[in-house]
Every structure is written in structure tokens, then in C-alpha cells.
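Numbering (the numbering used here), first residue to last: 1 to 469.
By construction, the Cβ of each residue, glycine as well, lies at the ideal position given by its N, Cα and C atoms.
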Amino acid sequence: MLLPEIKEREHLFKLALRMGLPIFGLVFALILHTVINTHESLDSFFYIESVIVLAFSIYFIFHLIYSGFNTKITDNISKVFTRDYLYKYLKKEIDSNKDYTLILISCDNINEINNRYGIKSGDKVLYEIAIWIDRYFKSKGISNFPIGHIKGGDFIIGLKGKSSKYKAILELMSLKSDEFKIDDIEVIISSAINDTSFSSELEYMIENLFELQDLSRNQKLFSNKNEDINPNELESYIINAIKQKSFIATKQDVFNNEKAIIKEYFIKLKASNSKIIHQKSYMKILDKLRLMPEYDYMILEMGIQNCDEDSDDIFAINISPTSIRNYTFLSKLKDLLSNNKHVKNRVMFILYEKEYYSHLDRYKDILKSLRLLGVKIVIDRVGVNHSSFIYMRELEIDAIRMDGVYTKEIGQAKYKNILDGFILTAKANDVKVWMKMIEDEDTYKKIKSLNIDYFQGKYLAPLEKIYEK
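Right, dumping it as C-alpha cells:
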């Protein structure tokens with residue numbers, strides 16, 4: 001048992017004693033008074049009944065106190081519903097209403113507020129955001145709606161009816177939030193909205209809200225796009241696809257000057273009903289179900305089997321960094337690489353993660369062991385977040401792949417200057433530079449004028465199917 005649990009039990013016990021002693025005293029005094037004044041006429045059953053009354057009084061008081069404290073409805077900080085209670089409440093609402101809308105409203109910079117202004121200020125911000133949300137919706141004639149604190153700076157609101165009824169209201173709210181401040185603290189608000197047309201399962205609806213928010217962080221209003229596959233069925237389709245190794249693999253050539261030297265593999269899972277599950281739909285679910293290592297191994301096994309002595313092409317594939325940091329996966333991977341004499345220097349791992357892994361020494365050792373087996377390491381999406389830059393600086397790698405925004409905005413001086421800096425840094429450390437998403441001749445000419453090693457895009461090579469099961 002954790003120390004907080006032990007201390008909470010102690011606190012509840014002491015509270016029960018303080019509340020119970022007056023009642024015990026009154027009951028005991030009544031019994032004692034009765035015994036003194038009428039002890040000659042009292043039946044022996046009276047004493048048994050008295051003991052039973054005292055025992056049940058003690059039990060009843062303790063039970064009320066413990067059960068009362070275990071049933072927590074409101075969050076101590078924001079004063080809105082707790083996550084557990086909100087989930088119970090919303091499930092009942094969804095069951096009783098065919099059309100029901102959920103809205104996610106987030107304080108995107110709550111961690112920065114806590115670090116810069118202190119935790120107490122962060123707590124106050126959360127409370128004031130809840131009040132601000134309530135006032136805004138009341139001003140639109142919407143009151144007594146459930147609102148709960150999910151995590152961090154995230155709040156969920158439940159409203160009866162379809163999401164189309166509330167989109168304009170949410171859009172206006174997002175515009176008003178641009179100047180939102182609390183005690184001169186700038187508060188950055190984002191939002192997302194969906195309804196039961198997406199799914200009638202609360203957990204799927206909430207997960208979808210966060211996905212919509214992640215996809216559209218720079219927009220002010222988020223709406224749902226219907227998926228081809230019902231989310232209630234998606235997990236089982238993905239599990240079965242992994243078990244049956246049912247997927248479609250395509251490849252695209254990556255060029256060094258005019259020669260194709262790398263084949264990047266792209267994967268789509270294939271559901272049992274023959275529907276195709278795209279990567280954007282299954283990646284988060286693989287993480288949620290802890291199936292990412294099995295998926296990565298399945299794809300690597302297919303790729304390595306295609307390595308033979310008749311070709312010297314390098315095959316590149318996106319691998320989850322969490323997989324290669326998994327001891328079981330790493331051991332199986334090394335066996336797979338060791339058992340094929342043709343794969344040395346022909347396998348390229350493309351790695352990307354939004355938040356960097358703080359145990360860099362361990363990460364370095366793992367990558368070093370893989371490079372000794374002939375695996376080339378690429379850091380993906382360089383230039384869009386701090387983790388890719390830290391990895392580029394700290395890890396021994398073979399190449400960096402710039403984020404697609406630098407290809408799209410290659411004509412802007414600002415982006416070109418940043419790109420020049422990355423190229424200069426990479427070359428100074430004997431690291432190759434890779435540009436992707438080259439879609440037209442003009443973009444290709446601009447990129448080719450730079451000191452770039454690898455070129456990739458539909459203008460240079462189409463996708464080609466290489467495997468289907």
C-alpha cells in the first residue's frame with residue numbers, strides 16, 4: 001500500500017472517531033441512565049440489544065465516512081467533475097440520447113504556466129478556465145451542462161444534440177480566446193468537437209477528440225471526419241491483421257543524384273473484410289494495445305527476406321524508437337539481422353518521436369550496436385521540434401530527413417536559410433541530408449541547387465506495390 005493511502009486511512013479513522021464519539025457517548029449515557037434507574041426490572045435481552053446497537057452505530061458511522069470520501073465527484077483544483085464521475089455521467093447521457101456532442105477545450109500551455117509562474121498559478125488558471133467556459137456557454141443560453149477535468153489542461157464538455165448545432169458557438173469561443181489572460185498570464189486555448197455519429201462509445205469519442213486536436217493544432221476549430229471503419233471495430237481489425245500478417249507494402253525510390261539507391265517502404269494494414277487501414281488510423285491504436293513491437297518486427301521480417309545477393313539497394317522503413325528500446329524486440333531483431341548475410345549496410349531505420357528519450361546514453365548504446373550490424377540510422381522530421389534537433393546533435397546517425405514543410409516552402413528565404421544551417425551542420429558531422437515530398441520540377445531544381453544527398457517524391461518516382469497478403 002502506498003504511503004498516501006496509509007495516511008488517508010489514518011485520516012479517515014481519526015475523523016470517524018471525532019464524529020462518532022459524541023454519538024457513542026449519547027448512546028452509552030442513555031443506556032447507563034436506563035440501567036441505573038430501572039436495573040431491577042430490566043430483561044437480560046436489554047444488555048444484548050444495547051451491545052448490538054453500539055456495534056451497529058460504530059459500523060454505520062465508519063461506513064458512511066469511508067464510502068462518502070471514496071465517492072469523489074468534483075476535482076479539488078478546477079471544481080468541475082472528476083474524470084471517473086464525468087465518464088459515468090456521460091455514458092448515461094449517451095445511452096439516453098441518440099445525438100450527443102462532446103467538446104474538448106484545452107489549455108495548451110499549462111505546463112509552461114506551471115514552470116514559469118508556479119503550480120499555484122497553474123491551479124488558478126485551471127479554475128478560471130472552467131469558470132470562463134461556464135460563463136461563455138451560459139451567455140449562449142446553454143447551462144447546467146456536464147464539464148470535467150480529464151488531464152493536464154484538458155476539459156471535456158457534454159451537450160445534447162448534434163455537433164453541427166454547436167460548431168458556430170465553438171468557433172466564436174475560439175476567436176474570443178485569442179486575448180484570454182488570467183492575472184496577465186497568457187493562456188493558449190484550443191478545442192475539438194465530435195458527436196455520436198462518429199461512435200456511441202465514450203472512450204472512442206474522447207480519443208478521437210485528441211486525435212483531431214493533434215492534427216489541427218494551428219487551427220481554431222476542429223471537426224470530425226468520418227472514418228471508413230467504425231472505431232468500435234477498428235481495434236479488432238488491427239489485432240487480426242497483425243496476427244495474420246495481413247498488410248500491403250509499397251515502396252518508393254529515393255535518389256542520390258540520378259541513381260535510385262534507397263527503397264522506402266510504406267505499409268497499410270488489411271482488415272478481414274478487405275478494407276484498407278491507413279497508417280494514420282492504426283499507429284496510435286498499436287501504441288495503445290502495446291502491439292507496436294509486433295508490427296515493427298512483422299514489417300522488418302518482410303523487408304529483410306527481400307534482401308538477396310542480386311541487389312544492393314537499401315531498404316528504409318519507419319521504426320518506432322520505443323520498439324528498438326524494447327529488450328525483447330531488440331534481441332529478436334539482432335537475431336533476424338544476423339541470420340541474413342546479405343542485409344549488412346542495406347537496412348535503414350527512420351526514427352521519429354515528438355518527445356525525446358531522456359536516457360540518451362542507453363539510446364546511444366542501442367543504436368551503436370545496431371550500426372555495428374550494418375543498420376543505417378535516419379532521424380526524421382528534422383526542423384519541426386526540439387527532439388529531432390537533440391537527436392541530431394547527440395546521437396551517432398547516418399542521415400537526417402528534413403520535415404516536408406521545408407520542401408513546400410523552399411521558395412521562402414526564411415525556410416531556405418534555416419535549411420542551409422541544417423545542411424551545413426549535417427555536412428560538418430558527415431551526416432547525409434534527405435529531402436522528401438518533391439512534387440514538381442520547380443521544387444526539384446531548387447532543392448538540387450543545394451548540397452542535398454537524397455531526393456524523394458512523386459515527381460521522381462511513383463509508389464510501387466511489392467507485397468500483399
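What did DSSP end up calling residue i once you bin it into helix, strand or coil?
i      : result
Lys225 : Per-residue confidence for Lys225 stands at a pLDDT of 48, beneath the threshold of 50, marking its modelled position as unreliable; the derived number appears in the next sentence. Coil.
Glu396 : coil
Lys458 : coil
Met437 : coil
Val378 : strand
Gln252 : strand
Lys220 : Note that Lys220 has pLDDT 45, beneath the 50 cutoff, so the model's placement of it is unreliable and the number below is only indicative. DSSP places Lys220 in coil when its eight states are reduced to three.
Leu424 : helix
Ser369 : helix
Leu336 : helix
Asn306 : coil
Ala168 : helix
Lys141 : Note that residue 141 is Gly in the sequence shown here, rather than Lys. Correct three-state label for Gly141: coil.
Lys341 : coil
Asn114 : helix
Leu209 : helix
Asn417 : helix
Gly148 : strand
Asn232 : helix
Thr82  : coil
Asp183 : coil
Ala260 : strand
Leu32  : helix
Tyr481 : Nothing can be reported for residue 481, as the shown portion of the chain is limited to 1 through 469.
Asp75  : coil
State the CB to CB distance for the pair residue i and residue j, rounded to an integer number of angstroms; the pair is presumed to be in contact (CB under 8 Å).
i      : j      : result
Ile238 : Ile277 : 7 Å
Cys307 : Asn340 : 6 Å
Lys243 : Lys469 : Rounded, the Cβ-Cβ distance is 12 Å, inconsistent with contact.
Relative to the alpha-carbon of residue i, which residue among the options has its alpha-carbon at the smallest distance?
i      : options                           : result
Gly25  : Thr196, Ile418 and Ser57          : Ser57
Pro231 : Tyr363, Glu211, Ser338 and Tyr467 : Glu211
Gly383 : Asp365, Tyr363, Asp420 and Arg371 : Asp420
Ser323 : Lys334, Asp296 and Ile304         : Asp296
Leu460 : Ile447, Tyr467 and Tyr100         : Ile447
Asp313 : Phe329, Asp253, Arg362 and Asn257 : Asp253
Lys408 : Thr443, Asp380, Lys414 and Tyr391 : Thr443
Glu258 : Trp132, Lys445 and Gly122         : Lys445
Ala241 : Ile285, Leu395, Ser338 and Ile131 : Ile285
Ser320 : Ala426, Tyr363 and Arg116         : Tyr363
Ser139 : Ser311, Leu170 and Asp287         : Leu170
Lys176 : Lys162, Ser191 and Ser163         : Ser191
Glu207 : Lys275, Met283 and Trp132         : Met283
Pro428 : Leu360, Ile142 and Ala399         : Note that residue 428 corresponds to Ala in the displayed sequence, not to Pro. Per the Cα distances, Ala399.
Glu441 : Ala426, Leu450, Thr425 and Lys458 : Lys458
Lys280 : Asn273, Ser274 and Leu269         : Leu269
Arg325 : Asn144, Asp361 and Gly404         : Asp361
Do residue j and residue i come within 8 Å of each other at the CB atom, strictly closer than that value?
i      : j      : result
Gln412 : Ile438 : no
Ile299 : Phe349 : no
Ile129 : Phe155 : yes
Ser200 : Ile189 : no
Ile157 : Ile103 : yes
Thr196 : Lys98  : yes
Leu86  : Gly148 : yes
Ile418 : Val433 : no
Ser331 : Glu355 : no
Val125 : Ile110 : yes
Pro146 : Phe247 : no
Asp380 : Tyr352 : yes
Phe180 : Val187 : yes
Gln367 : Leu395 : Checking the sequence shown, residue 367 turns out to be Leu, not Gln. Cβ distance < 8 Å, so Leu367 and Leu395 count as in contact.
Tyr166 : Leu159 : yes
Glu235 : Leu289 : yes
Met402 : Met435 : yes
Ser163 : Thr74  : no
Tyr136 : Ile77  : no
Pro293 : Phe315 : no
Tyr357 : Gly303 : no
Asp108 : Gly153 : yes
Ser50  : Ile36  : no
Ser121 : Ile131 : no
Val431 : Ile397 : yes
Taking 8 Å as the threshold (beta carbon to beta carbon), is residue i in contact with chain D?
i      : result
Gly161 : Absent here is chain D; the protein component of the structure consists of one chain.
How about the stretch 374-385 and the stretch 335-349: do they share at least three Cβ pairs that are nearer than 8 Å? As far as the Cβ criterion goes, the stretch 374-385 touches the stretch 335-349, which means the pair count is three or higher.
Quick test of the definition: if touching needs 3 or more C-beta pairs under 8 Å, does the stretch 461-468 touch the stretch 246-261? Contact annotation: the stretch 461-468 touches the stretch 246-261, with at least three C-beta pairs closer than 8 Å.
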